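In what follows, a single structure is set out as structure tokens and then discussed.
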Amino acid sequence: MAESSSPDVRTTAEAWESLFRTQVAVMRRMQQLPEFKKLAMREYDVLFNLSLCPGGWSRLNELNEALLISQPSLSRMVDRLEKKGLVLRRTAQNDQRGIEISLTDEGRALQKNIGREHVKHLHSMLAPLLTEDEFGQLRGLTDKLHSGLKND
1 MAESSSPDVR
11 TTAEAWESLF
21 RTQVAVMRRM
31 QQLPEFKKLA
41 MREYDVLFNL
51 SLCPGGWSRL
61 NELNEALLIS
71 QPSLSRMVDR
81 LEKKGLVLRR
91 TAQNDQRGIE
101 ISLTDEGRAL
111 QKNIGREHVK
121 HLHSMLAPLL
131 TEDEFGQLRG
141 LTDKLHSGLK
151 ND
């Protein structure tokens, strides 16, 4: 069995560029979808990540780790989402200096509604382009990359 070699710099850069350009193309199409007229895609991303919290609450700094926005931008976004009645904010239970965020019932319902539409549109856009096995390979590769980056 042949030993696999590490890729050269060019191969790494080209693969990253391909992954990045593909994500940009998908995101541009997604931004045009009707569900993201109800709520901006970045705001939806906050609701989606909150929906994944096991205890229902997330510290602001922990939530920020899952998002591609700055802490001050997230704070302002949470202010807007709170004014819309989609999230609740409280002082952290075990650290009075921290802030925790949770979905309201209205926020949870909106996230589920947009999420269902989002998944349908994503499927109709991408499913014709790859086979089931290819999606499995893609998932395996991106999970491997993500896991490796999280361990650093």
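For the sequence shown, full-length UniProt numbering gives the first residue as 1, with consecutive numbering after it. We put the beta carbon where it would ideally sit given N, CA and C, even for glycine. It should be emphasised that the depicted structure is a prediction, and the values quoted were computed from it without experimental measurement.
Within 10 angstroms of its Cβ, does residue 26 collect 16 or more other Cβ (buried), or is it exposed? The count along the sequence shown starts at 1 and reaches residue 26 at position 26. The residue in question, residue 26, is exposed, as its Cβ has fewer than 16 Cβ neighbours within 10 Å.
Just to confirm, is the Cβ distance from residue 114 to residue 37 under 8 angstroms? Translated into positions along the sequence shown, residue 114 becomes position 114. Translated into positions along the sequence shown, residue 37 becomes position 37. A distance of 8 angstroms or more separates the beta carbons of residue 114 and residue 37.
At what residues does the beta strand (DSSP E) containing residue 97 begin and finish? Here residue 97 refers to the residue found at position 97 of the sequence shown. Per DSSP, residue 97 lies in no beta strand (DSSP E) segment and is marked neither H nor E.
Runs of beta strand (DSSP E) lying entirely within the region 30-63, each at least 3 residues, in chain order: Entirely contained in the region 30-63, the beta strand (DSSP E) runs reaching 3 residues are, in chain order, 57-59.
Which partner residues does residue 91 have in the DSSP bridge list? The residue you call residue 91 lines up with position 91 of the sequence shown. Under DSSP, residue 91 forms a beta bridge with 99.
Let me check understanding here. Comparing Cα to Cα, which of 149, 125, 130 and 148 lies closest to residue 28? As a working note, residue 28 is residue 28 in the sequence shown. Ranking the options by Cα distance to residue 28, first place goes to 125.
My guess is that residue 76 and residue 82 are in contact by the Cβ rule of under 8 angstroms, so how many angstroms apart are they, rounded? On the sequence shown, position 76 is the one that residue 76 refers to. On the sequence shown, position 82 is the one that residue 82 refers to. About 11 angstroms; that fails the 8 angstroms criterion.
Taking C-alpha atoms, which residue in 94, 101 and 91 lies nearest to residue 62? Start at 1 with the first residue of the sequence shown, and residue 62 comes out as number 62. Closest by alpha carbon: 101.
With the cut-off set at 8 angstroms, would you say residue 87 and residue 107 are in Cβ contact? Numbered from its first residue, the sequence shown carries residue 87 at position 87. Numbered from its first residue, the sequence shown carries residue 107 at position 107. The answer is yes: Cβ separation under 8 angstroms.
Using only the alpha-carbon positions, how far apart do residue 45 and residue 67 sit? Numbered from 1 along the sequence shown, position 45 holds the residue referred to as residue 45. Numbered from 1 along the sequence shown, position 67 holds the residue referred to as residue 67. One C-alpha to the other measures close to 8 angstroms.
Counting along the chain, where does the alpha helix (DSSP H) carrying residue 109 start and finish? The count along the sequence shown starts at 1 and reaches residue 109 at position 109. It spans 105-126 - the alpha helix (DSSP H) in which residue 109 sits, taken as one unbroken run.
With a threshold of 16 other CB atoms inside 10 Å of the CB of residue 130, please say whether the residue is buried or exposed. Locating residue 130 in the sequence shown gives position 130, where the first residue counts as 1. Note on residue 130: under 16 other CB atoms within 10 angstroms of its CB, so exposed under the neighbour-count rule.
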